[in-house]
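Participant: Those letters in the sequence shown? Residues 670 to 1547, by my numbering.
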Amino acid sequence: MPKKVFELANEIGVSSIDMVEKLKSAGLNVRNHMVTLSDDEVKKALEVYEPSKEAKKKTTKKKVTKKKVAKKTVVKKVVKKAAAPSKPVEEPKVEEKPAAEVAPETSEKKVEEPKVEEEQVESKPAPKTVVRKKKPTIRKAAAKAEETSSETLPDKMDEIEKKEVFKEKMHTFTPVYVPDEKEKEEERAKAQKAAASRPSSPQTPPDLDADKNKKDSKKRMGDLAAMVSKKGAVGKTKDITNIRAEEEMKLATNIIGRQVYTPVKRKKVFTGSTKQTEITEVKKSKRVVNIHNAVTALDLSNKLSVKFEKLRNDALEQNLLLKEDDYLGVELANELAAMYDYRVENKAFDEEEVLKSEVKAPKSDLPLRNPIITVMGHVDHGKTTLLDYIRDAKVTAGEAGGITQHIGAYSVPVGETTLTFLDTPGHAAFASMRQRGANVTDVVILVVAADDGVMPQTKESIKFAKNAKCPIIVAINKMDKEGANPERIKQELTEFELVPEDWGGDTMFVPISALKGEGVDDLLESVKLQSEMMELRESPKGKAEGIIIESKVETGRGPVATVLVQKGTLKKGDAIVCDEFYGRARSLTDHSGKDVKSAGPSIPVQILGLNGVPAPGETLNVAKNEREAKKVAENRADERKKLESVEAPKVNSLEDFFSSAPSDTGEKKILNLVIRADVQGSYEAIKDALLGLGNDEVGVSIVTGGVGAITDNDVVMATNSSGILIGFNMRPMTSARRLAEQNGIEVRTYSIIYELINDITLALEGMLEPESIEKYIGRAEVRDTFNIPKVGTIAGTAVIDGKIERGCNIRLLRDGKIIYDGKLSTLKRFKDEVKEVANGYECGMALEGFNDIKNNDLIEAYILEQKQRKLDADSRTL
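1. Rounded to whole angstroms, what is the Cα-Cα separation between G1278 and V1179?
2. Closer than 7 Å by C-beta to S1200: which residues in its own chain qualify, once you throw out the five before and the five after it? Chain order, please.
3. What residue does the beta strand (DSSP E) around R1012 start on, and which one ends it?
4. Using the rule of at least 16 other Cβ atoms within 10 Å of the residue's Cβ for burial, across every protein chain shown, is L1289 buried or exposed?
5. Rounded to a whole number of angstroms, what is the C-alpha to C-alpha distance between M1514 and P1439?
6. What are the boundary residues of the alpha helix (DSSP H) that V688 is part of?
7. Expressed to the nearest angstrom, what Euclidean distance is found between the alpha-carbon atoms of K1016 and G1363?
8. Throw me the rounded Cβ distance for the L1433 and L1340 pair, which I believe falls under 8 Å.
9. When DSSP builds the beta bridges, which residues end up paired with Q1199?
10. Ignore the nearest five residues each way along the sequence and tell me which others in G1269's own chain have a CB closer than 7 Å to its CB.
11. What number of angstroms, rounded off, separates the C-alpha of V711 from the C-alpha of K853?
12. Grouping DSSP H, G and I as helix and E and B as strand, with all else coil, what is P1125?
13. Could I get the ranges of all uninterrupted alpha helix (DSSP H) runs contained in the stretch 1326 to 1397, with 4 residues as the minimum, in chain order?
14. Since M1506 sits in a beta bridge, which residues does DSSP pair it with?
15. When you compare only the Cα positions, how much space is there between A678 and L697?
16. Looking only at C-alpha atoms, which of L969, K851, D1121, R1255 sits nearest to E1151?
17. From L1115 to V1109, what distance separates their C-alpha atoms?
18. Could you tell me the distance, in whole angstroms, from the CA atom of G1046 to the CA atom of Q1126?
19. K1197 and T1086: beta carbons closer than 7 Å?
20. Rounded to whole angstroms, what's the CA-CA distance from K1472 to K1337? Just pull it up for me.
21. If we count the other Cβ atoms within 10 Å of its Cβ and call it buried at 16 or more, is Q1535 buried or exposed?
22. Would you decide whether T1466 is buried or exposed? Buried here means 16 or more other CB atoms lie within 10 Å of its CB.
23. Near T817, what residues of its chain come up, given a Cβ to Cβ distance below 7 Å and the 5 sequence neighbours on each side ignored?
24. Out of curiosity, what's the CA-to-CA distance linking A1507 and E1474?
25. DSSP state of L1259, grouped into three classes?
26. If I follow the unbroken beta strand (DSSP E) through E1223, where does it start and stop?
27. Taking M1202 as the reference, which of C1139, E1187, A1144 has the closest Cα?
28. Spatial neighbours of K1356 within its chain, please: C-beta separation below 8 Å, excluding the five flanking residues on both sides.
29. Please tell me whether R1253 and E1295 are closer than 7 Å, where the distance is taken between their beta carbons.
30. Within 8 Å, do at least three Cβ pairs link the stretch 1169 to 1183 to the stretch 1046 to 1061?
31. How big is the Cα-Cα spacing for Y996 and I960?
32. For R1498, list the residues DSSP reports as bridge partners.
33. Using a threshold of 7 Å, state whether the C-beta atoms of L1496 and V1503 are closer than that.
34. In the DSSP assignment, find the beta strand (DSSP E) that holds E1534 and state where it starts and stops.
35. Suppose contacts are defined by Cβ-Cβ distances below 7 Å. Is V1291 in contact with K1212 by that definition?
36. Is L1533 buried or exposed, if buried means 16 or more other CB atoms sit within 10 Å of its CB?
Here it is as structure tokens:
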């Protein structure tokens, strides 16, 4: 049967390479081990190897090695002599273990049985059991010879392996071959030669007493480390368990002959009885919950160490439905805490207790105070001119554009009485200033121009005065002008329940000419009479309290605030607090610039010493000392932060939802602004006016602003937000201007407020999407159609109205219904492209992306014109 070379080599038991070489030398044509041999070539190859096989059998009979036979019952013959070898026994071939040394196959094997030190009993043959000692040992003669000889470390490891293998394989009853001393010596010599040829294998260390130099010590330590770490250095068996590896590590010796031992810490086993953790209860004195005026239900449950679900269920039993964000007052929180043996204490800072005045006296016993008069009216109706004449100061000349843009407070002596006048702006943007003026005043002088009549700001001033419940005295100004009609003014004001006294009403009407001073004295007498009827009284004793009329930052002076004292007496050096700012009144100055030591009720003064610029309308109080003033200011700042941290309420109404939803045109465009003004009141007025501009598509956002010059920080804020810098009566610093030029930021300065508002309005209108307006240009009728390959349908038309222009928009009508609305792609006349076709002429037209054209269809031509949109009148302040 033909065979391949490697198959024949496997049958004979030789390598394929050797067989290829021998077959080539024998004259066979063999290129490699994959060549197929015929039957004759196979016989010849067998003849080549037949003599070598017979020689191999003769030589192998003399060599005997130990052989392990698995799962075979053996009957032990025990004798008392020292080393009596047993008779040769023939055994069948068995599969060898991995750790056993493999020798050439022999027909006969000699098995030498181990000797036992103690008295041994000869066992009888049994089918599956053998009686033997649990601890077999080596013969005494062999043991004594090994103790006297100089044993090497690998020999010890071999003995360890033999013992372990013997223990592990005891249940298999494998016969153990014990070689004699001569064969042991031969095996040791072979092992030493093999170890010397392998540098990575462990070497036998020399005698420890004979060699003590440092170099040999390092070498021995290296050998020991290699022996322990290498897998093959432990023993010949590959199947090594973790327990055996630990025992071999313990029996390995180091360079000084001591055992290498890896200590293992024993785990402590707890045998005592388990104890339950004792729950400690809070003392009654410590079962207190501190809150500040109010607390949410969720926070209260956390403070009580109770789950909110339990608190809610317990409260529901008391007919109280709670939500997590519900605010609870001190009393209600105390009732809920009492269910869990807690009590609630209010630890809120009491400002009234710190700032309260100690003077308490009946109103009738208090002295009279000066009346506070506020002049209100429409812009350019002569309010400031009236005050100029009263105090002989031309204030209007110093105002930009001839209009008042700051609130002014003046104390003017009129006869024996001193009147305090507040001049409010009449411009539309200063509604908040007029409202603050009406809230702090006693009498309102409403100035109306006789030649102009009642205007929007006049109506607004009337509303503010009525809300503040202040009496109104109407001054009909500009009586010296032609066309002055005071009767028309009286008639118009009756619509607002201001009826003149000569008409049977209770409102004083005084015709005056502020420019010439005519009727001014009568007006002042009317004010004095009205104030006397009101019996204005206030105590000058106790802690002062006032209201901020205006505030600003001045170079070299810092924050400056104009304060109108309402009660008590403000003294120089008092500790003051206003909103979140505090300080000490370092200086008091009246409206003329003179320093004063104190200011009583109804006296306006400028103060220095606050650490910030408070907003107009805020209340100023005097504290006991600066430490308490700081405490009040910090408490107010904390309260403000808490309010800011609260999320904004959700949209509740349908109108709010529509206003908050994004518009159909896309995201809202925002114009970012950084504003700096000279005084706080002007900044607030500009801010309110600009935030009122815009619609659903565009709007204004104030990134930052305040009082003071334009600084580098303002430029950086404008750069980051891609905004514009606005200065109202303020100029940028040199470094800020240079930085703005480098970053390409526009800096615009204004001194008149309506110019500022107009420019911002125009900018917002430019941000609006232009409006497309359709313009009809002509109409044509389809007379015939032509289908052209790769082009489409061409309509032969006649212009019946207007004209048709190339590139215009087209609307195709069929029976009055719009079939197509798109672009005109082609317009030709006699195969030539034309720009337009006039009425009465014929032309050919192709519609863009549309071919369903029929006879008698009408083609309407139109164009879309872009028109700049304007902001609605409702979204503009002016």
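By construction, the Cβ of each residue, glycine as well, lies at the ideal position given by its N, Cα and C atoms.
On a predicted model such as this, the values are computed, not experimentally measured, just so you know.
Facilitator: The answer reads as follows:
1. Residue 1278 sits at position 609 when you count from the first residue of the sequence shown. Residue 1179 sits at position 510 when you count from the first residue of the sequence shown. One alpha carbon belongs to G1278, the other to V1179, and they sit about 43 Å apart.
2. The residue you call residue 1200 lines up with position 531 of the sequence shown. Contacts found: P1040, D1111, V1112.
3. Mapped onto the sequence shown, residue 1012 falls at position 343. Per DSSP, R1012 belongs to the beta strand (DSSP E) from 1012 to 1015.
4. The residue you call residue 1289 lines up with position 620 of the sequence shown. L1289 is buried by the Cβ-count criterion.
5. Residue numbering aside, residue 1514 sits at position 845 when the sequence shown is read from its first letter. Residue numbering aside, residue 1439 sits at position 770 when the sequence shown is read from its first letter. Whole-angstrom Cα-Cα distance: 30 Å.
6. The count along the sequence shown starts at 1 and reaches residue 688 at position 19. Note that residue 688 corresponds to Met in the displayed sequence, not to Val. According to the DSSP assignment, M688 belongs to the alpha helix (DSSP H) that extends over 685 to 694.
7. Indexing the sequence shown from 1 puts residue 1016 at position 347. Indexing the sequence shown from 1 puts residue 1363 at position 694. Going from the Cα of K1016 to the Cα of G1363 covers about 46 Å.
8. For the purposes of this step, residue 1433 is identified with residue 764 of the sequence shown, where counting begins at 1. For the purposes of this step, residue 1340 is identified with residue 671 of the sequence shown, where counting begins at 1. At roughly 6 Å, the Cβ-Cβ gap stays under 8 Å, so L1433 and L1340 are in contact.
9. As a working note, residue 1199 is residue 530 in the sequence shown. DSSP output for Q1199 lists no bridge partner at all.
10. Reading the sequence shown from its first residue, position 600 is the one you call residue 1269. P1209, V1234, T1238.
11. One-based indexing of the sequence shown puts residue 711 at position 42. One-based indexing of the sequence shown puts residue 853 at position 184. Answer to the nearest angstrom: the Cα atoms are 43 Å apart.
12. In the sequence shown, residue 1125 corresponds to position 456, counting from 1. In the structure shown, P1125 sits in a helix (DSSP, three-state: H, G or I).
13. 1349 to 1360, 1381 to 1390, all fully within the stretch 1326 to 1397.
14. Your numbering for residue 1506 matches position 837 in the sequence shown. In the sequence under discussion, the amino acid at residue 1506 is Val, which differs from the Met named in the question. Under DSSP, V1506 forms a beta bridge with I1473.
15. Translated into the one-based positions of the sequence shown, residue 678 becomes position 9. Translated into the one-based positions of the sequence shown, residue 697 becomes position 28. A678 and L697 have their C-alpha atoms some 15 Å from each other.
16. As a position in the sequence shown, residue 1151 is number 482, starting the count at 1. Ranked by Cα distance from E1151, the first of L969, K851, D1121, R1255 is D1121.
17. As a working note, residue 1115 is residue 446 in the sequence shown. As a working note, residue 1109 is residue 440 in the sequence shown. Each residue's Cα considered, the two are about 16 Å apart.
18. The residue labelled residue 1046 in the question sits at position 377 within the sequence shown. The residue labelled residue 1126 in the question sits at position 457 within the sequence shown. Between the C-alpha atoms of G1046 and Q1126 there is a straight-line separation of about 6 Å.
19. Position 528 of the sequence shown holds residue 1197. Position 417 of the sequence shown holds residue 1086. Taking 7 Å as the Cβ cut-off, K1197 and T1086 qualify as a contacting pair.
20. Residue numbering aside, residue 1472 sits at position 803 when the sequence shown is read from its first letter. Residue numbering aside, residue 1337 sits at position 668 when the sequence shown is read from its first letter. A straight line joining the alpha-carbon of K1472 with that of K1337 spans about 40 Å.
21. Position 866 of the sequence shown, counted from the start, is the residue given in the question as residue 1535. It is exposed - the Cβ of Q1535 has fewer than 16 other Cβ atoms within 10 Å.
22. The sequence position of residue 1466 within the sequence shown is 797, counting from 1. By the Cβ-count criterion, T1466 is buried, with 16 or more other Cβ atoms from all chains shown falling within 10 Å of its own Cβ.
23. Looking up residue 817 in the sequence shown gives position 148. The predicted model places T817 with a pLDDT of 43, which falls under 50 and marks its position as unreliable; any figure quoted below should be read in that light. For T817, where only same-chain residues beyond five positions count, there are no Cβ hits under 7 Å.
24. As a first step, residue 1507 must be located in the sequence shown, where it is residue number 838. As a first step, residue 1474 must be located in the sequence shown, where it is residue number 805. Taking the straight line joining both Cα atoms gives about 9 Å.
25. For the purposes of this step, residue 1259 is taken as residue 590 along the sequence shown, with counting starting at 1. This sequence places Asp at residue 1259; Leu is not what is there. Three-state DSSP puts D1259 in coil, outside helix and strand.
26. One-based indexing of the sequence shown puts residue 1223 at position 554. Element bounds for E1223: 1214 to 1223.
27. By 1-based counting over the sequence shown, the position of residue 1202 is 533. The closest CA to that of M1202, considering only C1139, E1187, A1144, is found on C1139.
28. Numbered from its first residue, the sequence shown carries residue 1356 at position 687. Excluding its 5 nearest sequence neighbours in each direction, K1356 has C-beta neighbours in its own chain below 8 Å: I1344, I1371, G1374, listed in chain order.
29. For the purposes of this step, residue 1253 is identified with residue 584 of the sequence shown, where counting begins at 1. For the purposes of this step, residue 1295 is identified with residue 626 of the sequence shown, where counting begins at 1. The answer is yes: Cβ separation under 7 Å.
30. With the cut-off at 8 Å, the stretch 1046 to 1061 and the stretch 1169 to 1183 touch.
31. The residue given as residue 996 occupies position 327 in the sequence shown. The residue given as residue 960 occupies position 291 in the sequence shown. Roughly 11 Å separates the two Cα atoms.
32. Stepping through the sequence shown from its first residue, residue 1498 is reached at position 829. DSSP lists D1501 as partners of R1498.
33. Residue numbering aside, residue 1496 sits at position 827 when the sequence shown is read from its first letter. Residue numbering aside, residue 1503 sits at position 834 when the sequence shown is read from its first letter. Result yes, Cβ atoms of L1496 and V1503 sit closer than 7 Å.
34. Numbered from 1 along the sequence shown, position 865 holds the residue referred to as residue 1534. Per DSSP, E1534 belongs to the beta strand (DSSP E) from 1527 to 1536.
35. Along the sequence shown, read from residue 1 onward, the residue named residue 1291 stands at position 622. Along the sequence shown, read from residue 1 onward, the residue named residue 1212 stands at position 543. For the pair V1291 and K1212, the CB atoms are nearer than the 7 Å cut-off.
36. Here residue 1533 refers to the residue found at position 864 when the sequence shown is read from its first residue. Classification for L1533: exposed.
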